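One structure below.
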Amino acid sequence: MAIKERMSGNEAVAYAIMQINPDVMPAFPITPSTELPQFVSNYVANGKIDTEFIPVESEHSSMSAAIGASAAGARTLTATSSCGLAYMWEMLYVAASDRLPIALALVNRGLTGPLNINCEHSDSMGARDSGWIQIYAENNQEAYDNFVMAYRIAEHKDVMLPIMACMDGFITSHAVMNITLLEDDVVKDFVGEYKPEHFLLNKEEVMAIGPYGVSNYCMEAKRAQAQAMMNAKQVILDVAEEFEKISGRKYGLFEEYRLEDADYAIVAIGSACGTAKDAVDKLRDKGIKAGLLKIRVFRPFPAKELAEALKSCKAIAIMDRAESYSANGGPLAAELGAALFKYKNQAEVLNLMYGLSGRDITVEDFEKVYEDLADAAVNGVKEDAEYRYIGIRE
Amino acid sequence: MNDLIEIRWHGRGGQGAKTAAMLLADVAFSIGKQVQGFPEYGPERMGAPITAYNRISDRELRVHSNIYHPDYVAVVDETLLHDVDVTSGLSVDGGILINTDKNKDELIPLLRGYQGNVYTIDARKISEEALGKYFPNMPMLAAMVKITGVMDEERFFKEMQTSLEHKFAKKPEVLEGNMKALRMAFKEVQ
């Protein structure tokens with residue numbers, strides 16, 4: 024029997040962690056993810072789980088300790104946000120290239136500066152090429168579900184990569200909303216026990232993890248790592264299919280909301296997609312064919328599938344919650360733009376920046392985007408509109 | 078009750094406006110509603126104006142923006158009336174609830190022409206009498222439940238009793254005072 028509850032996103036992910044009872048969690052607190060190590064250490068202190076909780080002195084150390092624990096053969100996780108993720112940077116690459124299936128609960132917050140604590144995707148987007156799988160959530164329910172699925176994806180023998188399960192800071196992490204939880208034993212059975220094929224504490228198989236890679240072998244290691252990320256796409260879909268059987272909730276690489284016959288599509292990531300859905304419904308009531316594509320999986324990037332899903336749209340707004348200062352749009356626009364070109368999609372494309380440093384975005388803002396798309400579909404994209412900030416004061 | 082009720086709370090850091098919003102979400106959840114309770118965070122410090130929000134509905138809640146056109150507004154600290162445009166976007170069909178020992182006629186001139194219902198509650202007096210300390214969030218919560226009609230009186234007290242018994246399992250001595258504050262506020266809001 025599913026459990027009806029109300030919880031914040033942080034509470035929900037901590038609950039999933041409690042149900043999974045991983046072996047090791049090193050962590051260092053940072054807003055807005057601080058509650059995660061706090062809740063987990065409460066579970067540990069109350070004897071609810073026997074996770075080894077390691078308070079460390081920095082995020083560089085939390086990721087280093089996670090790497091050590093995971094290499095030893097332990098199911099491992101940590102949590103962080105913003106500058107905490109930045110401080111892990113070099114170790115993120117080590118975790119991925121050592122092929123360690125660590126889970127990271129990332130509560131998205133902008134990188135400094137200006138110094139700000141609110142939601143932005145610049146932290147995870149900055150780490151998009153670090154070799155981690157990235158899955159994003161629209162709300163507390165998805166944050167919980169994604170975490171329940173995380174180890175099944177990361178630990179799959181065809182993958183063996185670390186995974187970042189992301190949710191929007193404050194908007195999701197601190198908002199209490201209704202949620203449907205799975206029972207403890209259902210989660211335990213679904214996630215299963217971690218039985219690593221190779222691990223440092225196996226005295227039958229003496230090995231080194233993370234040694235110097237000579238040029239003669241290093242490129243093959245990287246190619247194998249790239250293949251693992253390619254393999255992850257199918258594994259993510261397979262795990263989602265199994266998850267649907269225990270939860271009734273369906274997940275893919277992305278969600279299509281009233282997209283099938285849409286002339287105008289918005290593509291976005293995270294909590295803003297819920298707000299956009301209300302805008303879609305309002306416009307549909309007026310007979311305007313609006314649709315939404317919500318990215319769930321950003322790494323691996325489902326380029327071909329996205330281009331296919333968007334193939335009959337006349338105009339597309341790609342919305343980024345992270346500036347990449349490339350003078351060429353945000354990270355989602357750059358990648359999706361390339362995919363649309365590669366697969367010969369002819370739609371007009373706008374790139375819109377929104378929600379930086381927690382700037383609010385409303386249903387009305389999304390309605391205006393659809394108006395702009397309708398105009399672009401007829402008149403083409405004006406040069407000054409192709410890369411625009413929503414709600415900016417000039 | 079309308080299909081969707083949107084509430085905005087204004088308080089100062091440390092007064093419990095966020096807690097009141099979370100408690101309201103909890104109690105509305107307990108009667109089967111779809112709920113949202115969330116704070117808007119700035120540079121956190123004691124005494125700075127803060128905002129928190131509630132959405133309560135029978136339908137799934139998908140919107141994650143702040144609330145600009147609330148049905149109801151709660152003002153936990155009346156000094157905010159001078160600094161913050163608390164009635165901004167407030168529906169005239171709804172109302173504003175102000176924690177004050179003044180009477181309405183003194184406050185209405187501060188509401189920037191707001192034409193809807195004005196409710197007052199002396200949460201300090203109630204809290205100090207019932208709890209011996211100043212915690213305005215319980216009286217504010219009860220008053221908000223009453224004016225919005227989110228749930229009926231008996232059900233509200235029953236749910237709060239259960240929830241506070243759980244919350245104060247290790248401090249049962251404060252349970253009675255909190256229940257008393259809720260009951261007084263329910264009666265005294267005007």
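Residue numbers (the numbering used here), protein chains in the order written: chain A, 24 to 417; chain B, 78 to 267. Ideal placement from N, C-alpha and C gives every residue a C-beta, glycine not left out. As the structure is a prediction and not an experimental result, all values here were calculated from the model.
Between which two residues does the alpha helix (DSSP H) containing residue i stretch?
| i | result |
| --- | --- |
| glutamate 227 of chain A | Careful: glutamate 227 of chain A lies outside any alpha helix (DSSP H) and carries neither H nor E. |
| proline 234 of chain A | Run containing proline 234 of chain A: none; DSSP gives neither H nor E here. |
| methionine 111 of chain A | Methionine 111 of chain A -> no alpha helix (DSSP H), and no H or E assigned at all. |
| glutamine 267 of chain B | Neither: glutamine 267 of chain B is in no alpha helix (DSSP H) and is coded neither H nor E. |
| proline 354 of chain A | 354-365 |
| tyrosine 393 of chain A | 386-402 |
| isoleucine 90 of chain A | 82-95 |
| alanine 97 of chain B | 94-107 |
| serine 147 of chain A | 145-149 |
| phenylalanine 233 of chain B | 230-244 |
| glycine 32 of chain A | 32-43 |
| aspartate 160 of chain B | 157-160 |
Report yes if the CB atom of residue i is closer than 9 Å to the CB atom of residue j, and no otherwise.
| i | j | result |
| --- | --- | --- |
| valine 150 of chain B | isoleucine 173 of chain B | yes |
| glycine 171 of chain B | alanine 125 of chain B | no |
| valine 182 of chain A | alanine 251 of chain A | yes |
| methionine 172 of chain A | glycine 293 of chain A | no |
| threonine 135 of chain A | serine 104 of chain A | no |
| alanine 37 of chain A | tyrosine 66 of chain A | yes |
| leucine 167 of chain B | tyrosine 191 of chain B | yes |
| isoleucine 339 of chain A | tyrosine 377 of chain A | no |
| proline 124 of chain A | leucine 204 of chain A | no |
| glycine 119 of chain B | asparagine 131 of chain B | no |
| glutamate 328 of chain A | leucine 276 of chain A | yes |
| serine 142 of chain B | valine 290 of chain A | no |
| glutamine 164 of chain A | valine 320 of chain A | no |
| phenylalanine 213 of chain A | arginine 272 of chain A | no |
| phenylalanine 263 of chain B | phenylalanine 245 of chain B | no |
| serine 380 of chain A | asparagine 139 of chain A | yes |
| alanine 285 of chain A | isoleucine 384 of chain A | no |
| alanine 160 of chain A | alanine 119 of chain A | no |
Residues bridged to residue i by DSSP?
| i | result |
| --- | --- |
| proline 126 of chain B | B:Arg89 |
| valine 152 of chain B | B:His87 and B:Ile175 |
| tyrosine 159 of chain A | A:Cys189 |
| threonine 203 of chain A | A:Lys27 |
| alanine 102 of chain A | A:Ala128 |
| arginine 132 of chain B | B:Glu83 and B:Gln113 |
| lysine 210 of chain B | Beta-bridge pairing links lysine 210 of chain B to no other residue. |
| lysine 317 of chain A | A:Glu278 and A:Ala291 |
| methionine 48 of chain A | A:Phe76 |
| arginine 322 of chain A | A:Gln157 |
| aspartate 182 of chain B | BP columns for aspartate 182 of chain B are empty, so no partner. |
| asparagine 69 of chain A | Answer by DSSP bridge pairing: none, since asparagine 69 of chain A is not bridged. |
| tyrosine 196 of chain B | B:Leu174 |
| methionine 342 of chain A | A:Leu375 |
Counting along the chain, where does the beta strand (DSSP E) carrying residue i start and finish?
| i | result |
| --- | --- |
| arginine 411 of chain A | 410-412 |
| glutamate 371 of chain A | 371-376 |
Going by alpha carbons, who is nearest to residue i out of the options?
| i | options | result |
| --- | --- | --- |
| asparagine 176 of chain B | B:Ala94, B:Asp229 and B:Ala125 | B:Ala94 |
| serine 56 of chain A | A:Ser87, A:Ser196 and A:Asp121 | A:Ser196 |
| glycine 70 of chain A | A:Thr54, A:Asn44 and A:Asn131 | A:Asn44 |
| threonine 128 of chain B | B:Tyr196, B:Asn255 and B:Val153 | B:Val153 |
| alanine 128 of chain A | A:Ala356, A:Glu228, A:Leu59 and A:Ala94 | A:Leu59 |
| valine 222 of chain B | B:Tyr211, B:Lys181, B:Leu187 and B:Val266 | B:Val266 |
| methionine 41 of chain A | A:Ile53, A:Arg272 and A:Thr99 | A:Thr99 |
| leucine 306 of chain A | A:Ser349, A:Leu396 and A:Glu267 | A:Leu396 |
| lysine 256 of chain A | A:Glu220, A:Tyr116, A:Met242 and A:Ile186 | A:Ile186 |
| arginine 122 of chain B | B:Ile82, B:Thr197 and B:Gln92 | B:Gln92 |
| aspartate 42 of chain B | B:Ser107, B:Met261 and B:Lys110 | Residue 42 of chain B lies beyond the range of chain B shown here (78 to 267); nothing can be said about it. |
| asparagine 131 of chain A | A:Ala109, A:Tyr116 and A:Val117 | A:Ala109 |
| glutamate 117 of chain B | A:Gly154, A:Leu315 and A:Asn141 | A:Asn141 |
| aspartate 148 of chain B | B:Asn214, B:Val227 and B:Thr197 | B:Val227 |
| lysine 367 of chain A | A:Leu375, A:Ser335, A:Ser347 and A:Asp343 | A:Ser335 |
| leucine 375 of chain A | A:Ala400, A:Ile415, A:Val401 and A:Gly403 | A:Ile415 |
Tell me whether residue i counts as near the ligand ZN, meaning its Cβ is closer than 8 Å to at least one heavy atom of that ligand.
| i | result |
| --- | --- |
| aspartate 284 of chain A | Ligands in the displayed structure: none, and consequently the ligand ZN is not present. |
Residues in the stretch 102-133 of chain B having any Cβ partner in chain A nearer than 7 Å: Ala102, Asp103, Phe106, Gln111, Val112, Gln113, Gly114, Phe115, Pro116 and Tyr118
Contact set between the stretch 135-156 of chain B and chain A, restricted to residues whose Cβ is under 9 Å from the partner: Glu137, Leu138, Arg139, Val140, His141, Ser142, Asn143 and Tyr145
Contact list for the stretch 27-59 of chain A against chain B, Cβ threshold 9 Å: Lys27, Glu28, Arg29, Ser31, Thr54 and Pro55
Any residues in the stretch 191-214 of chain A with a beta carbon nearer than 7 Å to a beta carbon of chain B? Which ones, in chain order? Phe193, Ile194, His197, Ala198, Val199, Met200 and Asn201
Could you name the residues of the stretch 220-233 of chain B whose beta carbon sits closer than 7 Å to any beta carbon of chain A, in the order they occur along the chain? Listed by position along the chain: nothing, the set is empty.
Using a Cβ cut-off of 7 Å, which residues of the stretch 381-407 of chain A contact any Cβ in chain B, in chain order? Asp383, Ile384, Thr385 and Val386
May I ask you to list, following chain order, the residues of the stretch 288-307 of chain A that have a beta carbon less than 8 Å from some beta carbon of chain B? Ser294, Ala295, Gly297, Thr298, Lys300 and Asp301
Could you run through the stretch 119-153 of chain A and flag, in chain order, every residue whose CB is less than 8 Å away from some CB of chain B? Those would be Ile140 and Asn141, in chain order.
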